[in-house]
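Below you'll find the structure, written out as structure tokens, and then a few comments.
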Amino acid sequence: MFKPFIGSAAAGGTKWFLRDVFGIGVILSFACVGFVLFPNNLSLLTRIVGIALLVLSLDLITGHCGVATLGQSAVFGAGAYLAGIAAVRWGINDPLLMIAFGAIGGAIVAALSGVIILRGHGLTQLVLSIAIAQMLQQIANKASAYTGGSDGLAGIDPLPIFGLFVINLWGRATYALAIVLVVLVFIFLRILTRSPFGMLCRGIKDDPVRARAMGASVRGTLLKAYVISGAVAGMGGALTAISTQVVGLDSLSFQLSAQSLVMLVLGGAGTLYGALIGAVSFVLFEDFVSAANPFHWLTIVGALLVAVVLFAPKGLYGEAVALADRMKRDRL
Amino acid sequence: MVQTFFSIAVDAFAFGMVLFVITIGMSMTMGLMRVVNLAHGAFAMIGGYVASYAIQALDFGYATALLIAICTTIVVAIPIERLLYRRIYRAPELTQVLMTIGITFCIIGIANYIAGPTLKIIPLPEFLRGPVDLGFRSIAAYKLSAIAIGGGVAIALWFLIERTAFGVYIRATVDNAAMAGSLGVNAKLIYAASFAIAVGLAALGGIVGAQMMPIEPYYALRYMVMFLVVVSIGGAGSIRGALVACLLLGAIDTTGRFFVPEYGEFFSYLAVVVLVSLFPNGLLARAA
Chain A
11 MFKPFIGSAA AGGTKWFLRD VFGIGVILSF ACVGFVLFPN NLSLLTRIVG
61 IALLVLSLDL ITGHCGVATL GQSAVFGAGA YLAGIAAVRW GINDPLLMIA
111 FGAIGGAIVA ALSGVIILRG HGLTQLVLSI AIAQMLQQIA NKASAYTGGS
161 DGLAGIDPLP IFGLFVINLW GRATYALAIV LVVLVFIFLR ILTRSPFGML
211 CRGIKDDPVR ARAMGASVRG TLLKAYVISG AVAGMGGALT AISTQVVGLD
261 SLSFQLSAQS LVMLVLGGAG TLYGALIGAV SFVLFEDFVS AANPFHWLTI
311 VGALLVAVVL FAPKGLYGEA VALADRMKRD RL
Chain B
0 MVQTFFSIAV DAFAFGMVLF VITIGMSMTM GLMRVVNLAH GAFAMIGGYV
50 ASYAIQALDF GYATALLIAI CTTIVVAIPI ERLLYRRIYR APELTQVLMT
100 IGITFCIIGI ANYIAGPTLK IIPLPEFLRG PVDLGFRSIA AYKLSAIAIG
150 GGVAIALWFL IERTAFGVYI RATVDNAAMA GSLGVNAKLI YAASFAIAVG
200 LAALGGIVGA QMMPIEPYYA LRYMVMFLVV VSIGGAGSIR GALVACLLLG
250 AIDTTGRFFV PEYGEFFSYL AVVVLVSLFP NGLLARAA
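Just so you know, the sequences run in chain order A and B. Heads up: the first sequence begins at 11 in our numbering, then just goes up one per residue. Heads up: the second sequence begins at 0 in our numbering, then just goes up one per residue.
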């Protein structure tokens, strides 16, 4: 079966550019709507953005590269912890520097663990990714001199952004930082996935044997993508650390990895937009339902997951696009 | 010194055997239907709940409750197999993982709704409570029984798969489902029967191991990773592989907990990474 490596997204010069400008406009207007609707709960919105960065990073490595991982919290938590340690232990309190530290932490852990995880395939890959995330959680628990252990790393006190915008309980400055960050990351990932590198990633996902036969280095390409993905997730972790001013062991948990995968599949893997939609709808819905009863929430998520796998394997965004395409074709 | 070593060895052996009884079914379904069933632990949990209810609320004896629990779990599982699992056999791993995590979440939520978040106790019968004197040492009777049940399950499964007509059908379906089908083997029936056996064994393991792995709603999630790890190290569908993997991991886990408890499960997971990297197809995998 012949599958062209160049997806339809690459076709049409200015069309996709306009569409992306429109997409970013939609993201920004949603950010404004959130600000207007929940002015007293901006920390929740900032948490959503942090999680959205994690899901975007997962979309890059799982949705675009086809790497099966249930350990993405490892890079998210590494970013959160390195940013937190930089602030609490080394006195580096500038939020932008903390985010840079988060990216570095995520990238380093991704580079080290990627060498091991990318050796496996399918089930082996899943188990390796889980085991490495669990090991990291144990290390964070044990190295309490640096990480605060099971009490969490408290006392993160970020300076004003650019020395101007004070980070306080209202969280307006943090929210603005979060939105700028996620838009920049989104633009970067959009360019990356459209680049020849991104096409090579999708080619490897579709058929690694053929990609290798073309002369591409499969493992090298995947490792690069994994490091980039780690940096993105690490920034999400750092953002969460800045916003909540504490880093806990749960940022390295298996539950977080599993949840981020659920969000990605719910929104639609391999589209970036799907990652954002999945993260936003999942966390908002969770906040809404689990306030009533956390166990009902678990039942609903489970049922939702089964339903998505059976009836909407492309996720919310993917199915919506497919529906729109079908309607357009019917009209012609 | 010898005393400590002996008691650790017994604990490790008993724990490994319980692990084996629970996970061998998961390994079977993975070898036969090519499905990564992360909800397997949830079925063990259902078995534990039913047994606890049957003994404590309905006053059944231990053995009767065991049978009731296993049958109930199978009755619950068959429609799930028919409606949900059958659609994801041989699907990509990630799809299966998502679906079975979803099923696990549902079962956890429902278990909590019905039984509440508290720990459920399965009282042991009189003859399993005390220690058993082996002449030179004494061992807790329930540990001995867990070891015996694990051994019995291993032998019975080996006999079933290698020596009976049903086992021939299973092996034929594993090797080539289409060919076996054209020779008159009803693959769907084989799948359903194997799934029932796997789930029944999970329930048995959940009840027998309730002293070591207490029954509560998050049981299914708490041990999910451990079960998955055992199966992937043992290799799909290999009884010997699963047995070796369970005993090995049981030993590593128990010794680690005893000697370096402050490092938690770090060494277990380190061992997992090393083992999985060295044997990506499992320790003693059947050639695919």
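Quick reminder that beta carbons are idealized off the backbone N, C-alpha and C, glycines included. For clarity, every value in this text was computed on a predicted model and none was experimentally measured.
- Message: Checking the sheet assignment: what are the DSSP bridge partners for A:Leu163?
- Response: For A:Leu163, which the question treats as bridged, DSSP gives the partners A:Val257.
- Task: Determine which residues of the region 137 to 155 of chain A have a Cβ less than 8 Å from any Cβ of chain B, and write them out in chain order.
- Result: The residues in question are Val137, Leu138, Ile140, Ala141, Ile142, Gln144, Met145, Gln148, Ile149, Asn151, Lys152.
- Query: Could you give the C-beta distance for B:Ala191 and B:Ile102, rounded to a whole number, given that I count them as a contact under 8 Å?
  - Reply: In this structure B:Ala191 is not in contact with B:Ile102, their Cβ atoms being roughly 17 Å apart against a cut-off of 8 Å.
- To the nearest angstrom, how far is it from the Cα of B:Ile23 to the Cα of B:Ala147? Across the structure, B:Ile23 and B:Ala147 are spaced so that their CA atoms are roughly 15 Å apart.
- Task: Decide yes or no for the touch test of the region 244 to 254 of chain B against the region 177 to 189 of chain B: beta carbon pairs closer than 8 Å, at least 3 of them.
- Result: no
- Quick one: list the residues of chain E neighbouring B:Cys245, beta-carbon separation under 9 Å, in chain order. Included in the structure are the protein chains A and B, with no chain E among them.
- Task: Could you tell me whether the region 219 to 233 of chain A touches the region 52 to 66 of chain A, using the rule of 3 or more Cβ pairs below 8 Å?
- Result: no
- Residue burial classification, B:Phe12 (beta-carbon count within 10 angstroms, cutoff 16): buried
- Item | DSSP-derived helix/strand/coil call for B:Asp132 | strand
- Closer than 8 Å by C-beta to A:Ile102: which residues in its own chain qualify, once you throw out the five before and the five after it? Chain order, please. Ala96, Met108, Phe111
- Query: Roughly how many angstroms separate the alpha carbons of B:Phe14 and A:Thr250, rounded to a whole number?
  - Reply: Separation of B:Phe14 and A:Thr250 (C-alpha to C-alpha, rounded to the nearest whole angstrom) is 39 Å.
- Message: Counting only beta-carbon separations shorter than 9 Å, does A:Gln265 have a partner in chain B?
- Response: yes
- Message: To the nearest angstrom, how far is the alpha carbon of A:Thr203 from that of B:Val152?
- Response: CA-to-CA, the gap between A:Thr203 and B:Val152 works out to about 51 Å.
- Message: What does the Cβ neighbour count give for A:Trp307, buried or exposed, with the cut at 16 atoms within 10 Å?
- Response: buried
- Item | In DSSP terms, what B:Ala13 is bridged to | Within the DSSP secondary-structure output, B:Ala13 pairs in no beta bridge.
- Counting along the chain, where does the alpha helix (DSSP H) carrying B:Ala145 start and finish? For B:Ala145, the enclosing alpha helix (DSSP H) covers residues 140 to 162.
- Along the region 224 to 238 of chain B, what residues have a CB closer than 9 Å to any CB found in chain A? Val224, Leu227, Val228, Val230, Ser231, Ile232, Ala235
- Message: Here's a check: name, in chain order, each residue in its chain whose Cβ is nearer than 8 Å to the Cβ of A:Ile142, leaving out the five neighbours to either side.
- Response: Taking A:Ile142 as the centre and dropping the five residues before and after it, the same chain places the C-beta of Gly81, Ala84, Ser123, Ile126, Ile127 closer than 8 Å to its C-beta, in chain order.
- Listed by chain order, chain A residues near B:Tyr112 by CB distance under 7 Å: Phe305
- Task: Name, please, each residue of chain A whose Cβ falls closer than 8 Å to the Cβ of B:Pro260.
- Result: The contacting residues do not exist; B:Pro260 stays about 11 Å from chain A at best.
- Query: Taking C-beta to C-beta, are B:Arg33 and B:Arg89 nearer than 9 Å?
  - Reply: yes
- Check whether the Cβ atoms of A:Gly278 and A:Ile287 sit closer than 9 Å, and answer yes or no. yes
- Task: Under 8 Å by Cβ, that's how I've got A:Phe196 and A:Leu274 pegged, so tell me the actual separation to the nearest angstrom.
- Result: Going by Cβ atoms, the distance from A:Phe196 to A:Leu274 rounds to 15 Å, so no, they are not a contact pair.
- How many whole angstroms separate the CB atoms of B:Tyr61 and B:Ile54, which I take to be in contact at a CB cut-off of 8 Å? 7 Å
- Task: Examine the Cβ distances between the region 235 to 252 of chain A and the region 58 to 72 of chain A and report whether three or more of them are shorter than 8 Å.
- Result: yes
- List, in order along the chain, the chain B residues whose C-beta lies closer than 7 Å to that of A:Val311? Phe104
- Message: If you follow the alpha helix (DSSP H) that B:Phe226 is in, where does it begin and where does it stop?
- Response: 223 to 233
- Message: Please report the distance separating the alpha-carbon of B:Thr72 from that of B:Pro216.
- Response: So the two alpha carbons sit approximately 16 Å from each other.
- Message: Please classify A:Cys211 as buried or exposed, where buried requires at least 16 other C-beta atoms within 10 Å of its C-beta.
- Response: The residue is buried, with at least 16 neighbouring Cβ atoms inside 10 Å.
- Task: State the DSSP-derived secondary structure class of B:Ile214, mapped to helix, strand or coil.
- Result: strand
- Output the distance between the C-alpha atoms of B:Pro130 and B:Lys142, rounded to the nearest integer angstrom. 9 Å
- Is there at least one Cβ from chain B nearer than 9 Å to A:Ala78's Cβ? Interface residue, yes.
- Message: So that I know if they touch, is there some Cβ in chain B lying closer than 9 Å to that of A:Thr157?
- Response: no
- Item | Member of A:Ala248, A:Ala226, A:Leu92 whose CA lies at the smallest distance from the CA of A:Tyr156 | A:Leu92
- Message: Using only CA atoms, which one of B:Asp58, B:Met98, B:Ala64 lies nearest to B:Leu83?
- Response: B:Met98
- Over the uninterrupted alpha helix (DSSP H) stretch that includes A:Trp307, give me the two end residues. 304 to 321
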